[in-house]
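Q: Please find one structure pasted underneath; my questions will follow.
Number of protein chains: 2
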Amino acid sequence: MDPSITIFGDWGSSRLRLYLRQGKSVLDRRDGPGIGALRSSPERTFLDLVGDWREARPAGAMLCGVVGSRMGWVEAPYAPCPGRANDLRERILTIEAEGLPVSIIPGLSCINPLGSPDVMRGEETQILGALALDPALRHGRHLLVLPGTHCKWTLVEDGAVVRFLTAPVGETFALLRQYSSLAAGVAAEVQGSQAGFAMGLARIIEHGPALLPHLLFETRSRQLLESLPPDDAMGFLSGLLIGADAAAARTWFGDLVQVTLVGAPGLNRFYGQAIASLGGQTTAIDGEAAVLAGLTTLSFPKNNDFHVLA
Amino acid sequence: MDPSITIFGDWGSSRLRLYLRQGKSVLDRRDGPGIGALRSSPERTFLDLVGDWREARPAGAMLCGVVGSRMGWVEAPYAPCPGRANDLRERILTIEAEGLPVSIIPGLSCINPLGSPDVMRGEETQILGALALDPALRHGRHLLVLPGTHCKWTLVEDGAVVRFLTAPVGETFALLRQYSSLAAGVAAEVQGSQAGFAMGLARIIEHGPALLPHLLFETRSRQLLESLPPDDAMGFLSGLLIGADAAAARTWFGDLVQVTLVGAPGLNRFYGQAIASLGGQTTAIDGEAAVLAGLTTLSFPKNNDFHVLA
Numbered sequence: 001m002d003p004s005i006t007i008f009g010d011w012g013s014s015r016l017r018l019y020l021r022q023g024k025s026v027l028d029r030r031d032g033p034g035i036g037a038l039r040s041s042p043e044r045t046f047l048d049l050v051g052d053w054r055e056a057r058p059a060g061a062m063l064c065g066v067v068g069s070r071m072g073w074v075e076a077p078y079a080p081c082p083g084r085a086n087d088l089r090e091r092i093l094t095i096e097a098e099g100l101p102v103s104i105i106p107g108l109s110c111i112n113p114l115g116s117p118d119v120m121r122g123e124e125t126q127i128l129g130a131l132a133l134d135p136a137l138r139h140g141r142h143l144l145v146l147p148g149t150h151c152k153w154t155l156v157e158d159g160a161v162v163r164f165l166t167a168p169v170g171e172t173f174a175l176l177r178q179y180s181s182l183a184a185g186v187a188a189e190v191q192g193s194q195a196g197f198a199m200g201l202a203r204i205i206e207h208g209p210a211l212l213p214h215l216l217f218e219t220r221s222r223q224l225l226e227s228l229p230p231d232d233a234m235g236f237l238s239g240l241l242i243g244a245d246a247a248a249a250r251t252w253f254g255d256l257v258q259v260t261l262v263g264a265p266g267l268n269r270f271y272g273q274a275i276a277s278l279g280g281q282t283t284a285i286d287g288e289a290a291v292l293a294g295l296t297t298l299s300f301p302k303n304n305d306f307h308v309l310a
Numbered sequence: 001m002d003p004s005i006t007i008f009g010d011w012g013s014s015r016l017r018l019y020l021r022q023g024k025s026v027l028d029r030r031d032g033p034g035i036g037a038l039r040s041s042p043e044r045t046f047l048d049l050v051g052d053w054r055e056a057r058p059a060g061a062m063l064c065g066v067v068g069s070r071m072g073w074v075e076a077p078y079a080p081c082p083g084r085a086n087d088l089r090e091r092i093l094t095i096e097a098e099g100l101p102v103s104i105i106p107g108l109s110c111i112n113p114l115g116s117p118d119v120m121r122g123e124e125t126q127i128l129g130a131l132a133l134d135p136a137l138r139h140g141r142h143l144l145v146l147p148g149t150h151c152k153w154t155l156v157e158d159g160a161v162v163r164f165l166t167a168p169v170g171e172t173f174a175l176l177r178q179y180s181s182l183a184a185g186v187a188a189e190v191q192g193s194q195a196g197f198a199m200g201l202a203r204i205i206e207h208g209p210a211l212l213p214h215l216l217f218e219t220r221s222r223q224l225l226e227s228l229p230p231d232d233a234m235g236f237l238s239g240l241l242i243g244a245d246a247a248a249a250r251t252w253f254g255d256l257v258q259v260t261l262v263g264a265p266g267l268n269r270f271y272g273q274a275i276a277s278l279g280g281q282t283t284a285i286d287g288e289a290a291v292l293a294g295l296t297t298l299s300f301p302k303n304n305d306f307h308v309l310a
């Protein structure tokens with residue numbers, strides 16, 4: 001066993017991404033199926049993808065994401081927040097897969113600003129990573145937005161997650177894009193254009209996020225009656241959904257003008273544009289870099305002078 | 001040919017319903033596939049379903065709905081509204097299918113209250129039918145709501161459609177119900193409960209329709225953390241979507257306290273409950289009865305002393 005070598009993994013509902021890591025370097029990287037698309041058990045899937053990495057004799061693996069949910073490999077119960085310091089680390093579950101120790105990171109739960117129960121899995125690790133990458137986030141009040149399948153608006157105070165609010169924006173877009181009449185006849189490979197995005201964003205800001213269901217249909221009617229090109233129409237749909245999320249969530253975090261985005265670069269850009277249109281400012285952290293930094297923080301606690309729970 | 005016998009049809013994207021009609025009586029009724037699920041041409045599908053009804057020697061057929069769209073049988077261009085009287089009737093397209101005259105009713109287009117182009121196909125016939133069934137609707141200003149796949153909020157003045165606003169509420173519910181993580185693990189046959197609907201409606205009214213994307217996730221988190229039963233969760237989802245539509249559309253038709261619902265009885269009840277929670281009053285007309293009354297009105301213009309276009 002080589003204690004300097006570890007396997008890191010981000011295992012969500014739609015994708016598994018594994019990294020073979022030595023110190024601060026990524027030696028190799030492999031992609032596999034999400035928890036929602038498994039053909040064999042999570043253990044088998046994981047071990048098959050690890051494959052010949054075992055020859056490097058890794059000390060263990062650490063995984064975050066839906067893998068720790070009831071529908072995943074083993075359930076790592078949510079750490080409630082705000083909670084005690086180190087609740088997250090104490091709740092890490094370690095199991096064994098053919099002799100390899102596998103640590104599974106729990107998610108966080110809270111009562112969100114609307115008074116609803118709310119949950120995240122995977123994003124807690126990205127938040128931890130964002131705090132590692134940008135030390136200024138460890139002190140004072142900060143709004144972190146993690147766009148994606150389920151966008152998380154997260155309030156962090158002095159390095160601890162206080163509460164968060166979820167909107168299934170990416171998932172709604174994907175379903176409307178793939179199956180709805182709004183995208184009827186639009187080829188699967190068509191991307192949303194930047195011009196279309198700006199148009200959708202402007203419409204939702206003009207009329208307010210409450211009118212989202214009614215503006216959605218414009219995606220279709222402008223194609224029918226005004227020959228709006230498909231790539232503009234798909235951008236328009238994205239602009240409406242992201243704009244509505246940003247405009248409404250801001251009413252709950254409105255005093256926080258400065259927002260840190262943690263996500264894929266393309267999504268960071270779209271959210272940055274939406275938040276700027278609403279008078280906010282953003283800085284962006286790459287979501288993948290944040291996952292790796294978060295897993296590093298959890299693997300090497302001695303180098304960690306902050307926490308994610310109050 | 002027997003001039004007293006006609007075939008009526010309502011052919012939408014997800015369903016074809018044909019009626020064999022003599023005078024005011026429906027002699028027989030048959031269901032077939034929607035325009036979105038055809039296995040042969042529209043003509044072949046139609047003639048196969050008509051089958052032995054030809055022995056009754058019907059004078060012709062009259063069809064409304066998506067059948068008249070670009071993706072249907074033949075395109076019957078939209079009648080713009082508000083427009084000239086009788087625009088709708090003049091734009092009926094008549095074609096022939098193996099010697100049987102088939103009349104296809106056009107839809108309506110308008111610039112909606114949000115300044116967007118908007119369209120309907122099939123609902124114009126239901127509106128005509130509602131005006132036939134309830135003569136009080138033919139004079140003064142009335143708000144008609146036609147819930148369904150694409151809910152239509154329609155302003156009628158002195159018997160004419162002035163403008164309308166569409167929200168794809170039923171379609172969004174169906175996609176989230178069938179494919180999303182909000183309904184993960186919920187069996188296909190689970191119905192939304194009335195108690196769940198009331199809970200979702202109360203939540204959206206409490207926080208306002210702008211927070212719809214954020215309240216949607218509660219459908220999932222309450223199942224995960226509070227063991228909300230699946231039928232209550234699906235009712236909750238429906239309550240959020242219908243409540244958000246009603247609460248936002250009301251801002252555009254807010255002075256019209258009295259609303260006429262034209263739709264399936266179950267949907268009429270849900271929308272009635274949502275509108276009542278917002279201080280409105282409703283009366284309901286069965287959507288199928290309205291289609292038949294509308295097709296009758298268009299078939300026998302001499303008995304028709306009103307119009308749907310100004």
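Taken in order, these protein sequences are the chains called R and V.
The letter at position 14 of the first sequence is residue 14 when you use full-length UniProt numbering, and the numbering goes up by one with no holes.
The letter at position 135 of the second sequence is residue 135 when you use full-length UniProt numbering, and the numbering goes up by one with no holes.
The C-beta atom is built at its ideal place from N, Cα and C for all residues, glycine as well.
Could you tell me the alpha carbon to alpha carbon distance between P77 (chain V) and L108 (chain V), rounded to whole angstroms?
A: 8 Å
Q: Taking Cβ-Cβ distances below 7 Å as the criterion, which residues of the segment 205 to 222 of chain V are in contact with chain R?
A: Residues of the segment 205 to 222 of chain V that bring their beta carbon within less than 7 Å of a beta carbon in chain R comprise H207, G208, P209, A210, L211, L212, P213, H214, L215, L216, F217, E218, S221 and R222, in sequence order.
Q: In this structure, how does DSSP classify F46 (chain R) when only helix, strand and coil are distinguished?
A: helix
Q: Within the continuous beta strand (DSSP E) that includes H214 (chain V), where are the two ends?
A: First-last for H214 (chain V): L212 to L216, but that is the alpha helix (DSSP H), not the beta strand (DSSP E).
Q: Quick check: V156 (chain V) and V259 (chain V), are their CB atoms within less than 8 Å of each other?
A: no
Q: Specify the secondary structure class of L176 (chain R) as computed by DSSP and reduced to three states.
A: In the structure shown, L176 (chain R) sits in a helix (DSSP, three-state: H, G or I).
Q: For D52 (chain R), is the classification buried or exposed, using 16 other Cβ atoms within 10 angstroms of its Cβ as the cut-off for buried?
A: exposed
Q: Using a 10 Å radius around the Cβ and a threshold of 16 neighbouring Cβ atoms, would you call D245 (chain V) buried or exposed?
A: Counting Cβ neighbours within 10 Å, D245 (chain V) comes out buried, since at least 16 surround it.
Q: Tell me, please, which residues DSSP counts as bridged to H142 (chain R).
A: R:V156
Q: Can you tell me whether L267 (chain V) is helix, strand or coil according to DSSP?
A: helix
Q: Report yes or no: do three or more beta-carbon pairs, one from the segment 130 to 148 of chain V and one from the segment 78 to 92 of chain V, lie closer than 8 Å?
A: no
Q: In the structure shown, what three-state DSSP assignment does L292 (chain R) receive?
A: DSSP places L292 (chain R) in helix when its eight states are reduced to three.
Q: Per DSSP, S25 (chain R) is paired with what?
A: R:Q22
Q: At what residues does the beta strand (DSSP E) containing L100 (chain R) begin and finish?
A: L100 to I104
Q: Go to I204 (chain R), then tell me how far its alpha helix (DSSP H) extends in each direction, as first and last residue.
A: Q194 to H207
Q: Mind listing the chain R neighbours of S13 (chain V)? Cutoff is C-beta to C-beta under 8 Å, in chain order.
A: S181
Q: Starting from the beta carbon of S109 (chain R), find every residue of chain V whose beta carbon is closer than 7 Å, and list them in chain order.
A: L225
Q: List the residues of chain V that S116 (chain R) touches, going by C-beta distances under 9 Å, in chain order.
A: R203, H214, L215, F217, E218, S221 and R222
Q: Whose C-beta lies closer than 6 Å to the C-beta of N303 (chain R) among residues of the same chain, with five residues either side of it excluded?
A: The predicted model places N303 (chain R) with a pLDDT of 48, which falls under 50 and marks its position as unreliable; any figure quoted below should be read in that light. When the five nearest sequence neighbours on each side are left out, no beta carbon in the same chain lies closer than 6 Å to the beta carbon of N303 (chain R).
Q: Tell me the DSSP secondary structure of W11 (chain V) in three-state form.
A: strand
Q: Going by DSSP, what residues sit across from L261 (chain V) in a beta bridge?
A: According to DSSP, which records beta bridges pairwise, L261 (chain V) is partnered with V:V145 and V:A284.
Q: Less than 8 Å separating the beta-carbons of A247 (chain R) and P209 (chain R)?
A: yes
Q: Following a CB-centred definition, is A244 (chain V) positioned closer than 7 Å to any heavy atom of the ligand SAM?
A: For the structure depicted, the ligand SAM is absent and the ligand set is empty, with no information on it obtainable.
Q: Can you find a C-beta in chain V that's less than 8 Å from the C-beta of A276 (chain R)?
A: no
Q: With C-beta atoms as the reference, is I105 (chain V) less than 8 Å away from L298 (chain V)?
A: yes
Q: Just checking: is the beta-carbon of N303 (chain R) within a distance shorter than 8 Å of some beta-carbon in chain V?
A: With a pLDDT of 48 at N303 (chain R), under the threshold of 50, the modelled position of that residue is not reliable, and no figure is offered here.
Q: For E171 (chain R), decide whether its Cβ has a neighbour in chain V, counting only Cβ atoms nearer than 8 Å.
A: yes
Q: Take the Cβ of M1 (chain R) as the centre, count every other Cβ of all protein chains shown within 10 Å, and call the residue buried at 16 or more, exposed below.
A: exposed
Q: Considering only residues of the same chain and omitting the five flanking positions on each side of G287 (chain R), which have a CB-CB separation below 7 Å?
A: Taken in chain order, the residues that qualify are Q126, V262, G263 and A264.
Q: Determine the DSSP secondary structure at M234 (chain R), reduced to helix, strand or coil.
A: helix
Q: Give the DSSP-derived three-state secondary structure of A248 (chain R) in the structure shown.
A: helix
Q: Indicate whether V119 (chain R) and S221 (chain V) have their beta-carbon atoms separated by less than 8 Å.
A: yes
Q: How about the segment 167 to 174 of chain R and the segment 30 to 40 of chain R: do they share at least three Cβ pairs that are nearer than 8 Å?
A: no
Q: Restricting to Cα atoms, I'd like to know which of R:A293, R:Q281, R:L47 and R:T166 is closest to G254 (chain R).
A: R:Q281
Q: Kindly indicate if chain V contains any beta-carbon less than 8 Å away from that of L175 (chain R).
A: yes
Q: Going along chain R, which residues have a C-beta under 9 Å from V119 (chain V)?
A: Chain R residues near V119 (chain V): F217, R220, S221, L224 and L225.
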